[in-house]
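J.:
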Amino acid sequence: MTSHQPAEIGDLAAMQRIRSFEEKTRELSLARQIIGSVHLSIGQEAIPVGACAVLQPQDAVFATYRGHGWALARGVPLAPSFAELLGRSTGLNGGRGGSPYFSAPQYGFFGENSIVGAGAPIAVGAALAARYDGSGRVAVVSFGDGATNQGAMHEAMNFAAAFSLPVVFVCENNTYSELTPIAEMVGEPELWRRAAGYGMPGSRIDGNSVTTVRDAMAAAVDRARAGEGPSFIEAMTERLVGHYIGDVEHYRPAGEVASAWQREPIGRLERELVAQGVTEAVCRAAVQQAADEVERAVAEALAAPLASAEDVKEHLYA
């Protein structure tokens with residue numbers, strides 16, 4: 032076993048924790064125990080795990096409504112996350128936010144956002160604040176390929192570059208903007224090339240390799256922390272499930288999803304570790320432990336009381 036492999040076993044467990052969490056979430060949603068829309072990131076786990084591995088506690092992460100993985104990778108506990116989905120009083124946000132509004136700033140996770148592209152200007156605000164509060168904070172914002180066509184994204188990236196703010200823009204390019212291939216919606220499908228127009232470095236990486244993501248993020252975060260400004264990372268990946276639970280995916284060519292399963296990050300890392308000399312038993316144990324953690328967490332969440340009607344007006348402002 033090399034000196035790198037223990038960290039990679041941790042990556043394997045972290046990705047499986049997200050995978051198991053979302054598979055259980057889908058099961059609960061189909062059983063109508065979770066109410067409201069749910070968007071899963073099954074197949075994209077390497078991006079949040081690799082990215083969050085290089086962050087410090089003071090750093091701020093902003094995600095989309097497909098952001099369960101980012102929350103868990105940031106260290107948000109499983110049980111209150113499930114409780115939030117299930118409308119329990121012990122949820123991250125008292126069971127009031129649900130799937131698209133996870134928020135746990137005590138873990139450096141400043142929330143999901145159901146408005147496409149809206150997380151970017153908020154992240155830039157956090158980066159601007161870091162210039163004055165002495166925290167050394169770096170802001171990281173994830174968004175999908177379709178979000179890059181939103182006006183708010185343009186304003187955020189232009190402002191961040193103009194003022195050399197410590198922010199990393201992470202595009203999770205799963206090749207579909209909701210139900211439409213991104214290549215049919217843009218003149219230049221290599222989205223990372225847009226970074227040059229804003230005056231920041233850009234790169235396109237293999238988003239299904241957790242090691243590649245970690246290395247790219249480390250360089251971008253170091254640059255931001257050194258006061259050299261923002262970076263744009265386009266992480267190529269594939270969504271193994273529909274845009275939302277219930278999506279029949281009629282827009283995907285036959286065999287596309289089956290092919291993508293051959294490249295998904297968890298199985299891929301397992302194969303890489305075994306090729307490096309790690310036993311299959313070690314890999315399987317890490318995966319099973321993560322799956323067991325999820326089972327215990329969902330049981331704890333289901334045992335908690337539902338959010339009550341009496342406090343429904345708490346945290347409301349007018």
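Residue 32 is where the sequence shown starts when you use this note's numbering, and the numbers rise one by one after that. Even glycine gets a Cβ: it sits at the ideal position worked out from N, Cα and C.
Could you tell me which residues DSSP pairs with VAL288 in its beta bridges?
T.: For the purposes of this step, residue 288 is identified with residue 257 of the sequence shown, where counting begins at 1. The partner list for VAL288 (beta bridge, DSSP) is empty, contrary to what the question assumes.
J.: With a threshold of 7 Å on Cβ separation, who are the neighbours of ARG235 within its own chain once the five nearest residues in sequence on each side are excluded?
T.: Looking up residue 235 in the sequence shown gives position 204. Once the five neighbours on either side are set aside, the close Cβ partners of ARG235 are GLU221, TRP223, GLU265, MET267.
J.: Please classify ILE297 as buried or exposed, where buried requires at least 16 other C-beta atoms within 10 Å of its C-beta.
T.: By 1-based counting over the sequence shown, the position of residue 297 is 266. Per the 10 Å Cβ criterion, buried.
J.: So what does DSSP say about ILE276, is it helix, strand or coil?
T.: Taking the sequence shown and counting its residues from 1, one reaches residue 276 at position 245. ILE276 falls in the coil class under three-state DSSP.
J.: Taking 7 Å as the limit between beta carbons, can you name the residues of its chain near SER51, skipping five residues before and five after?
T.: Taking the first residue of the sequence shown as position 1, residue 51 is located at position 20. Closer than 7 Å at Cβ, skipping near neighbours: ALA321, ALA322, VAL325.
J.: With a cut-off of 8 Å on the beta carbons, I'd call GLY258 and SER195 a contact; round off their distance for me.
T.: Within the sequence shown, numbered from 1, the residue matching residue 258 stands at position 227. Within the sequence shown, numbered from 1, the residue matching residue 195 stands at position 164. Sure, about 7 Å apart at Cβ, within 8 Å.
J.: Check the DSSP bridge columns for ILE264 and list the partner residues they point to.
T.: One-based indexing of the sequence shown puts residue 264 at position 233. In the DSSP output, where bridge partners are listed per residue, ILE264 has VAL201, SER234.
J.: Count the CB pairs spanning the stretch 230-246 and the stretch 209-217 that are closer than 8 Å, and state whether there are at least three.
T.: No, the stretch 230-246 is not in contact with the stretch 209-217.
J.: Considering PHE133, what are the terminal residues of the alpha helix (DSSP H) in which it resides?
T.: The residue labelled residue 133 in the question sits at position 102 within the sequence shown. Segment: none, PHE133 is in no alpha helix (DSSP H) and carries neither H nor E.
J.: Please list, in chain order, all residues of the same chain as TYR282 whose beta carbon is under 6 Å from its beta carbon, the five residues on each side excluded.
T.: In the sequence shown, residue 282 corresponds to position 251, counting from 1. Closer than 6 Å at the Cβ level, and outside the excluded window around TYR282, lie LEU210.
J.: Give me the DSSP bridge partner(s) of PRO212.
T.: Taking the sequence shown and counting its residues from 1, one reaches residue 212 at position 181. Note: PRO212 sits in a beta bridge opposite TYR207.
J.: Name the two residues that bound the continuous alpha helix (DSSP H) containing PHE190.
T.: Counting from 1 along the sequence shown, the entry for residue 190 is found at position 159. Its alpha helix (DSSP H) spans residues 182-193.
J.: What residues in its chain sit with their C-beta under 6 Å from that of ILE49, if we drop five residues either side in the sequence?
T.: What you label residue 49 is simply residue 18 of the sequence shown in a count that begins at 1. GLU76, GLY100, LEU103, listed in sequence order.
J.: Do you know how far the Cα of ALA91 is from the Cα of ALA338?
T.: Within the sequence shown, the letter at position 307 stands for residue 338. Within the sequence shown, the letter at position 60 stands for residue 91. Going by the C-alpha atoms only, they are around 28 Å apart.
J.: Could you check where the beta strand (DSSP E) with SER173 kicks off and where it finishes?
T.: The count along the sequence shown starts at 1 and reaches residue 173 at position 142. 170-175 is the span of the beta strand (DSSP E), which, as asked, contains SER173.
J.: What distance in whole Å lies between the Cβ atoms of VAL69 and SER130, which are believed to be in contact at a cut-off of 8 Å?
T.: As a first step, residue 130 is located in the sequence shown; it is residue number 99 there, counting from the start. As a first step, residue 69 is located in the sequence shown; it is residue number 38 there, counting from the start. Indeed, because the Cβ distance is near 5 Å, the residues count as touching under 8 Å.
J.: Taking the alpha carbon of GLY128 as the reference point, which residue from VAL107, ASN144, GLU341 has its own alpha carbon closest?
T.: Your numbering for residue 128 matches position 97 in the sequence shown. It is ASN144 whose Cα lies nearest to the Cα of GLY128.
J.: Smallest Cα separation from ALA84: which of ILE66, ARG105, SER72?
T.: Taking the first residue of the sequence shown as 1, we reach residue 84 at position 53. The residue with the shortest Cα to Cα distance from ALA84 is ARG105.
J.: Could you compute how far the alpha carbon of GLU39 sits from the alpha carbon of MET248?
T.: Locating residue 39 in the sequence shown gives position 8, counting from the first residue. Locating residue 248 in the sequence shown gives position 217, counting from the first residue. One C-alpha to the other measures close to 16 Å.
J.: In the DSSP assignment, find the alpha helix (DSSP H) that holds VAL147 and state where it starts and stops.
T.: On the sequence shown, residue 147 is found 116 positions in, with the first residue counted as 1. Note, VAL147: premise wrong, no alpha helix (DSSP H); not H, not E.
J.: Whole angstroms is fine: what's the gap from GLY74's alpha carbon to GLU280's?
T.: As a working mapping, residue 74 is identified with position 43 in the sequence shown. As a working mapping, residue 280 is identified with position 249 in the sequence shown. C-alpha separation (whole angstroms): 16 Å.
J.: Going by Cα to Cα distance, which pick from ALA193, ALA289, LEU116 is closest to ALA227?
T.: Looking up residue 227 in the sequence shown gives position 196. Nearest of ALA193, ALA289, LEU116 to ALA227, Cα basis: ALA193.
J.: Can you grab the Cα-Cα spacing for the pair ASP253 / CYS314, in whole Å?
T.: The residue given as residue 253 occupies position 222 in the sequence shown. The residue given as residue 314 occupies position 283 in the sequence shown. One C-alpha to the other measures close to 31 Å.
J.: What residues in its chain sit with their C-beta under 7 Å from that of LEU271, if we drop five residues either side in the sequence?
T.: Looking up residue 271 in the sequence shown gives position 240. Result list for LEU271: ILE73, GLY74, VAL288, ALA291, TRP292, GLU295, in chain order.
J.: Compute the Euclidean distance between the alpha carbons of CYS202 and GLY167, then round it to the nearest angstrom.
T.: Counted from its first residue, the sequence shown places residue 202 at position 171. Counted from its first residue, the sequence shown places residue 167 at position 136. Each residue's Cα considered, the two are about 23 Å apart.
J.: Taking all protein chains shown into account, do 16 or more other C-beta atoms lie within 10 angstroms of the C-beta of GLY277, making it buried, or fewer, making it exposed?
T.: Along the sequence shown, read from residue 1 onward, the residue named residue 277 stands at position 246. GLY277 is exposed by the Cβ-count criterion.
J.: Taking only three categories from DSSP, how would you classify PHE113?
T.: In the sequence shown, counting from the first residue as 1, residue 113 sits at position 82. In the structure shown, PHE113 sits in a helix (DSSP, three-state: H, G or I).
J.: Using only the alpha-carbon positions, how far apart do ASP42 and GLY81 sit?
T.: Position 11 of the sequence shown, counting from 1, holds the residue named residue 42. Position 50 of the sequence shown, counting from 1, holds the residue named residue 81. Rounded to the nearest angstrom, the two C-alpha atoms are 8 Å apart.
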